[in-house]
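Chain order of the listed sequences is F and X. The numbers in our numbering rise by one with no breaks, and the one at position 348 of the first sequence is 349. The numbers in our numbering rise by one with no breaks, and the one at position 29 of the second sequence is 36. We put the beta carbon where it would ideally sit given N, CA and C, even for glycine. Worksheet: one structure, shown below.
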Amino acid sequence: MTELLIGTKKGLFALAGHAGSPFEVTARAFAGDPVEYAVRDPRSGRIFASVTSPFYGPKLWYTEESAEEWIQAEGLELPAGGDVALERIWTVVPGVDDGTVYAGGDPGVLFVSRDGGSTFELNRALWEQPSRDRWQPGAGGLCLHSIVTWPGEPDRLALAISAAGVWLTEDGGESWTRGNEGLVPRYLPEDAPDDEIALCVHRLRRAPTRPERIFMQFHGGVYRSDDAGATWTSIADGLPSDFGFPLAVDPADPDSAYVIPLAADVDRVTPDGRVRVYETRDGGASWTARGEGLPSEDAYLTVLRGAMDQAGSGASLELYFGATSGDVYGSGDAGATWFEVAKPLPPIFSVSAAA
Amino acid sequence: MPLVCLRGPLKRLAGDRAEHSIDGGSVGELLEELERTHPATSGWILDERGVLRQHINVFVNGELCAQETPVGADDRVDVLPALSGGR
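Structure (structure tokens):
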């Protein structure tokens, strides 16, 4: 049985089923409110849901099991009396150490919990970065959307902020360095001075069996790093477009990555009305279109950065993605064939999967 | 003392009580005191800057008011989600 937690513009939907057949909607929570992201921590079983009430502001909630009794997590706020407020919580990521949970939000902030996600504290080293006053938001805000942990190394993290690039720590967040060498922002003039700040990263994923390897979907570019995020090499050749948002990997294969190209930054839909996922099994040297079972004409979908996830690994790798149209698709055979997971939901912001 | 009236989730967070007699000379002071007496409301009406959230409306005796609006002992203050916040 696979569980999907789907964050939508109108609440959280929990779905359950077996890959290859339609899933059942098992619960809905936060009806009417935008749910940016939801995930189950496999260590504790807790489900987290990031909810941005247009009235009452961003809140992070958790439930132990039922998806009915939700408790508000504490501490997800910026320093009182300042001139900036928390706008949104983009992601929640279980850490490596027991009890550690991370949350990333707008304006480019990281929160850390050491008690399983009940209470959080702002990471001050990132908050107090001297360059922060020059960080610029992307279209979705100044969002810290990707937090990639390092298996077995709790102090090593990579973060990505749109549009303030990649940030790396090897001391548990006491200090941060940039990891942007090799990224080429086409949205800046060619003769612009090198800019280490205005870098619009859309998504990061680490290859867990080769953790120094990280894949990136950039705002116009797909990249791979083999040195833990310090430098990046373009791997976009062979894709119909290098623009897109989400990214997935097969945890068993460090040479694997999946992306969903969109036509362009000025036309954020699947190219030519065809929905296709692109897979590499050689670290980005080549890409193969995977579209069997997906709409092949007149389908202009937008898939956001948090709206694709994987469960399992190897030949039984399951992949799921949702679109702002509300459509949800899945694959139970590592992308070879696809099926419709559910009837359309409200516009989908995020999908997380657990087998 | 002014009477602060809450509905929906705000009422629930404030001890499941709709009406609260609170001492204060302005809308902002009343809301800050509400947070002190009912900490679960913190961050729901005022953000961490202490600013009234964009899509929360406050009415004093039926008139839409600002955070700085003075209130008197006999005033009724309604805190409501704004029409503008619906999407």
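Buried/exposed call for residue i, threshold 16 Cβ in 10 Å
i, result
"F/V304", "buried"
"F/R41", "buried"
"F/D238", "exposed"
"F/T150", "buried"
"F/R135", "exposed"
"F/S114", "buried"
"X/N68", "exposed"
"X/V34", "buried"
"F/G315", "exposed"
"F/T120", "exposed"
"F/A165", "buried"
"F/P186", "buried"
"F/Y38", "buried"
"F/R206", "buried"
"F/T234", "exposed"
"F/Q311", "buried"
"F/Y188", "exposed"
"F/D172", "exposed"
"F/A74", "buried"
"F/A140", "exposed"
"F/S287", "exposed"
Boundaries (first-last residue) of the beta strand (DSSP E) holding residue i
i, result
"X/G35", "Where X/G35 is concerned, there is no enclosing beta strand (DSSP E), although the alpha helix (DSSP H) it sits in stretches over 34–44."
"F/W91", "89–95"
"F/R135", "No beta strand (DSSP E) contains F/R135, which DSSP labels as neither H nor E."
"F/L13", "12–18"
"F/G222", "222–226"
"F/M309", "309–312"
"F/E280", "278–281"
"F/C144", "144–150"
"F/L5", "3–9"
"F/T289", "289–291"
"F/G331", "329–332"
"F/A300", "Note, F/A300: premise wrong, no beta strand (DSSP E); not H, not E."
"F/L320", "319–323"
"F/I1", "Given that chain F is displayed from residue 2 to residue 356, the structure contains no residue 1 of chain F and the question cannot be resolved."
Same chain only: Cβ atoms within 7 Å of residue i, ignoring 5 sequence neighbours per side
i, result
"X/I29", "M8, P9, V11, L37, E40, L41"
"F/G142", "E88, R89, D107"
"F/G117", "S45, R47, G100, V102"
Three-state secondary structure assigned by DSSP to residue i
i, result
"X/P77", "strand"
"F/R125", "helix"
"X/R19", "helix"
"F/S22", "coil"
"F/S257", "coil"
"X/S91", "helix"
"F/T210", "coil"
"F/P59", "strand"
"F/A86", "coil"
"F/P247", "strand"
"F/A237", "coil"
"F/A343", "strand"
"F/T27", "strand"
"F/P80", "coil"
"F/A316", "helix"
According to DSSP, residues forming a beta bridge with residue i
i, result
"F/T120", "F/E75"
"F/A104", "F/V93, F/F112"
"F/R157", "In the DSSP output, where bridge partners are listed per residue, F/R157 has none listed."
"X/D85", "X/C12, X/F66"
"F/S361", "No statement about residue 361 of chain F is possible, as the shown extent of chain F runs from 2 to 356 and does not include it."
"F/T338", "Per DSSP, none; premise fails for F/T338."
"F/W168", "F/L160, F/R179"
"F/Y188", "F/Y188 is not bridged to any residue."
"F/A39", "F/A50"
"F/H203", "Bridge partners of F/H203: none, in fact."
"X/E26", "X/C12"
"F/D268", "F/A265"
"F/T232", "F/E182"
"X/T48", "BP columns for X/T48 are empty, so no partner."
Residues near residue i in its chain [Cβ-Cβ closer than 8 Å; skip 5 each side]
i, result
"F/G327", "T9, P345, L346, P347, P348, I349"
"F/F1", "Here chain F has residues from 2 to 356 only, and residue 1 of chain F is not among them."
"X/L17", "T48, W51, I52, V86"
"F/G58", "A86, L87"
"F/S257", "A208, V250, D251, E280, T281, R282"
Cutoff 6 Å; reference residue i; Cβ partners in own chain excluding five residues on either side
i, result
"F/T289", "E280"
"F/P252", "P209, S314"
"F/L127", "L111, W177"
"F/L77", "L61, F112, F121"
Interface flag, residue i vs chain B, CB-CB below 8 Å
i, result
"X/H27", "The structure shown has no chain B; the protein chains it does contain are F and X."
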